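Counting in this note's numbering, the sequence shown runs from 357 upward without gaps. A virtual CB, placed ideally from N, CA and C, is assigned to each residue, including glycine. As the structure is a prediction and not an experimental result, all values here were calculated from the model.
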Amino acid sequence: MKQIAIISGKGGTGKTTLAGSLAYLFENHVMADCDVDAPNLHLLLNSEKKESYEFFGNKKAEITDKCIGCGRCLINCKFDAIIPGEIYEVDKYACEGCGVCKLACPVDAVNLKKGKSGNFYYSTSKNLSFCHAQLLPGEETSGGLVAEVRKLAQKKAEQEGKDIILIDGAPGIGCAATSSMVGTDFAIIVTEPTVSGIHDLERIVETAKNLRTDFYIVINKFDINIEKTMEIKHWCRKENIEILAEIPFDKSVIEASRNSKPVIFMKDSISAKKIEKIYNKMLEKLFRR
Ligand code: SF4
Ligand code: SF4
């Protein structure tokens with residue numbers, strides 16, 4: 357089973373635009389949207405949910421009616437997660453599940469329970485299989501939820517005889533991003549020529565190197581700032597990093613997202629042509645391994 361992640365050091369670089377088009381270019385694969393905090397690939401794939409699962413993340417404290425209101429949990433909680441009252445309560449968004457309140461409680465009124473943190477889904481769109489998720493607001497266990505999406509994608513790929521998993525990764529360098537990338541055959545890092553874009557590129561490259569994941573770069577909207585594009589190219593040459601493609605700014609990308617369709621379907625789109633080239637290069641790299 358081959359796995360490829362499309363990632364970026366920050367949101368808004370065009371990662372999902374690329375992933376949404378590759379979803380239609382690849383064949384015999386499963387798509388996985390691992391941007392569980394702000395998923396939007398489903399908007400481009402027009403998919404229909406077939407299976408839904410609950411995700412239980414970190415443990416949270418719960419105070420039962422055994423509580424005698426002594427306040428020891430309030431004094432000892434370092435996360436200000438205890439709400440005083442006749443029977444004390446826990447602010448589940450602030451609780452880190454450390455268990456100190458349970459240890460402090462003289463009457464065993466505190467239970468630690470895994471709380472629901474999100475949902476993950478198996479959906480289909482025509483002949484495309486698609487796994488995705490949504491983290492609940494305020495929850496922080498996104499890395500664990502990404503792992504569930506990837507496990508489900510792997511299970512579906514095995515059941516359906518698919519040989520590639522294409523991952524739209526979480527942006528940034530946090531645990532959701534690393535969970536999206538770890539163990540893949542290679543990652544495509546999408547960047548843009550801005551000051552913050554270069555900074556974020558350096559951080560995600562560092563992360564990929566730490567994970568020992570191979571990667572290639574795509575510079576999106578390269579012509580909005582030629583000077584910064586040259587800076588990225590010089591840096592990549594110095595670091596011995598291969599740039600797979602440079603995509604120019606293209607109004608048809610905006611038009612395509614306005615119509616909730618991948619840019620690959622836009623007639624005469626320069627981005628569509630570039631993405632087809634990226635697809636061919638990805639195939640070459642994948643099957644040369
Ligand atoms: S488990 Fe830890 S963070 Fe949560 S309420 Fe208890 S002491 Fe506070
Ligand atoms: S320590 Fe136990 S009994 Fe005391 S306020 Fe907290 S939950 Fe209630």
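Cα-Cα separation, residue i to residue j
i, j, result
"I545", "F621", "23 Å"
"T534", "T540", "11 Å"
"C423", "N475", "32 Å"
"E562", "A509", "27 Å"
"I439", "H488", "35 Å"
"L468", "E495", "16 Å"
"D519", "H385", "6 Å"
"F542", "G471", "34 Å"
"E632", "C531", "30 Å"
"K589", "N596", "10 Å"
"Q515", "K358", "15 Å"
"K482", "L430", "54 Å"
"E558", "G499", "21 Å"
"I573", "T369", "12 Å"
"F382", "T585", "28 Å"
"L491", "V502", "10 Å"
"P395", "N636", "26 Å"
"K617", "K565", "33 Å"
"R506", "G517", "16 Å"
"R614", "R428", "55 Å"
"T497", "S536", "13 Å"
Paired residues, beta bridge with residue i - DSSP
i, result
"C451", "BP columns for C451 are empty, so no partner."
"L522", "I360, M387"
"L468", "A417"
"Q515", "In DSSP, Q515 forms no bridge with anything."
"H488", "Y477"
"A543", "A361, F571"
"F412", "K472"
"K405", "S479"
"E445", "I439"
"E602", "I575"
From the options, residue whose alpha carbon lies closest to that of residue i
i, options, result
"K458", "L400, E418, H488, G500", "E418"
"E404", "T480, V502, L484, N432", "T480"
"S485", "S473, A513, I554", "A513"
"L401", "M586, K629, Y478", "Y478"
"D464", "Y449, G425, L501", "G425"
"E410", "G427, E504, A394, A460", "E504"
"L522", "S377, G367, D556", "S377"
Cβ-heavy atom distance, residue i to ligand 4, below 7 Å
i, result
"E452", "Among the ligands present in this structure, namely ligand 1 and ligand 2, ligand 4 is not found."
Meets three-Cβ-pair contact criterion under 8 Å: the stretch 580-594 and the stretch 542-561: In short, these stretches touch, since the Cβ pair count reaches three.
Cβ contact check for the stretch 398-416 and the stretch 449-464: 3 or more pairs under 8 Å: yes
contact_flag[the stretch 390-408, the stretch 521-531] where n(CB pairs < 8 Å) is 3 or more: By the Cβ test, the stretch 390-408 is in contact with the stretch 521-531, since at least three Cβ pairs between them sit closer than 8 Å.
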